[in-house]
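FYI, our numbering numbers position 205 of the sequence shown as 638, with every residue one higher than the one before it. Shown next, in structure tokens, is the structure this report addresses.
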Amino acid sequence: MTSQSPFAEAGVVSAPRVTDRTDPSVLPAASVRWAVTPTMNLRAAYGATLARPIVREVAPFLYPDFVRNRTIQGNPDLRTTAVHNADLRWEWYPARGEVLAASLFYKAFLDPIERVVLDRNGNATYDNVDGAQNFGAEVEARVSLGRLARPLRSLFVNANASLIYSRVSLSPAQQVNATNAERPLAGQSPWVVNLGLRYEPSPKFSASVFYNVFGARIEDVGRFGLPDTYREPVHQLDATVQWNPSPALGLRLAARNLALQPLVFTQGPLEVLRRDPAMSMSLSAQLTY
């Protein structure tokens, strides 16, 4: 990636700034499944994954953040994040289309990328921290309400909930400027809840309502005494209706943010940003030949 200002003074040629990198990686993975019964499994898995920096994170120039009225600077020296994932999962399929499951998982991050405060004016950049660890548990259920009463057999409930404990590891040099040396990994909520209700009386028609909420999570890591900036929980309520009158035609109506919930960012006791998104609706058609 080559960047150069188009606003150089007349007769002055500025040297372009170049980011040129290749990051080869080997990613091993393994899993094992034990069929405890014909409808019950116990699974264990390990996998190595990556979180590569995106273009704007390594871009060697400033760009404006119009929403927060600040600038953000890329960091060409960012390292790719390596992630080691391990999980243990129990799952039971009581009937076709139904599942009950519980999982334990662990993630170890090497060089995770976080957005951090660049100066006391609130401008930001991206940086790697030494490491981080996540420990978590998740429960999941997908069942038909026909178990309660036969007229409800076309209604299905989906639910999952997760609890996550997250902590970063900072080098001595990173601790010098850090406001909080003990904190969760940026972007990681301590809990997440998803609920869904689906009505499907026939293969041609379905209607669904989805609810999601997550715990407060760090958006910008505080430095130089400035507190971490948190994204506060948002209760998201969406709905979709799908109708396929023929094998060649599908119609879909989708609505988002039915609860009209605000998006709030806080830094210590201060509310630094508040947005009130409107509800949105869309209608789409799909033709298959």
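Glycine included, C-beta positions come from ideal geometry on N, C-alpha and C.
Please return the same chain residues whose Cβ sits closer than 8 Å to the Cβ of residue i, not counting the five positions on each side in sequence.
i	result
GLU490	GLY507, ASN508, LEU511, ILE546, TYR559
GLY564	ALA541, PHE542, LEU543, ASP544, PRO545, VAL601, SER602
GLY620	GLU547, ARG650, ILE651, GLU652
Looking only at its own chain, which residues have a Cβ that is under 7 Å from the Cβ of residue i, when we skip the five neighbours before and after it?
i	result
THR482	LEU460, VAL516, ASN518
PRO710	ASN690, LEU696
PRO449	THR435, SER436, GLN437
ALA611	LEU603, ARG656
For the beta strand (DSSP E) holding residue i, just list the boundary residues, first then last.
i	result
VAL626	624 to 635
ALA535	532 to 543
PRO678	669 to 679
ASP645	What sits at residue 645 in the sequence shown is Asn, not Asp. 638 to 647 is the span of the beta strand (DSSP E), which, as asked, contains ASN645.
MET714	713 to 720
ARG731	This structure cannot speak to residue 731, because the chain is shown only from 434 to 722.
ARG664	662 to 664
THR472	Segment: none, THR472 is in no beta strand (DSSP E) and carries neither H nor E.
GLY683	682 to 689
PRO497	495 to 498
ASP653	650 to 653
ARG708	703 to 708
Leaving aside the five residues before and after residue i along the sequence, list all residues of the same chain whose C-beta is less than 6 Å from its C-beta, in chain order.
i	result
MET473	TRP525
ALA570	LEU537, LEU596
Nearest CA to the CA of residue i: which residue from the options?
i	options	result
ARG553	SER679, PHE494, ARG664, PRO660	PRO660
VAL705	THR662, LEU682, THR721, LEU686	THR662
VAL488	ALA649, PRO457, SER464, ASP453	ASP453
PRO617	THR721, LEU686, ALA541	ALA541
LEU686	ALA640, ASP456, ARG466, ARG708	ALA640
TRP523	GLN607, GLY579, MET714, ARG466	ARG466
PRO623	VAL562, THR721, PRO666	PRO666
LEU585	VAL549, LEU630, PHE657	LEU630
GLN608	ARG656, LEU578, ARG583	ARG656
ASN575	PRO605, LEU581, ALA557, LEU533	According to the sequence provided, residue 575 is Arg. The question's Asn does not apply to it. Ranking PRO605, LEU581, ALA557, LEU533 by Cα distance to ARG575 puts LEU533 first.
VAL625	ASN645, ASN613, GLU633, ALA606	ASN645
Since residue i and residue j should fall inside the 8 Å C-beta cutoff, what is the C-beta to C-beta distance between them, to a whole number of angstroms?
i	j	result
ASN593	ASN627	5 Å
Closer than 7 Å to a non-hydrogen atom of the ligand HEM - does that hold for the CB of residue i?
i	result
PRO666	Questions concerning the ligand HEM fall outside what the structure shown contains, since it holds no ligand whatsoever.
What are the boundary residues of the alpha helix (DSSP H) that includes residue i?
i	result
ARG489	488 to 491
ASN613	Taken as a continuous stretch (DSSP letters only), ASN613 belongs to no alpha helix (DSSP H), as it is neither H nor E.
Based on the DSSP output, what are the partners of residue i in its beta bridges?
i	result
GLY564	LEU543, SER602
GLY480	ALA462, ASN518
GLU524	ASN474, ALA534
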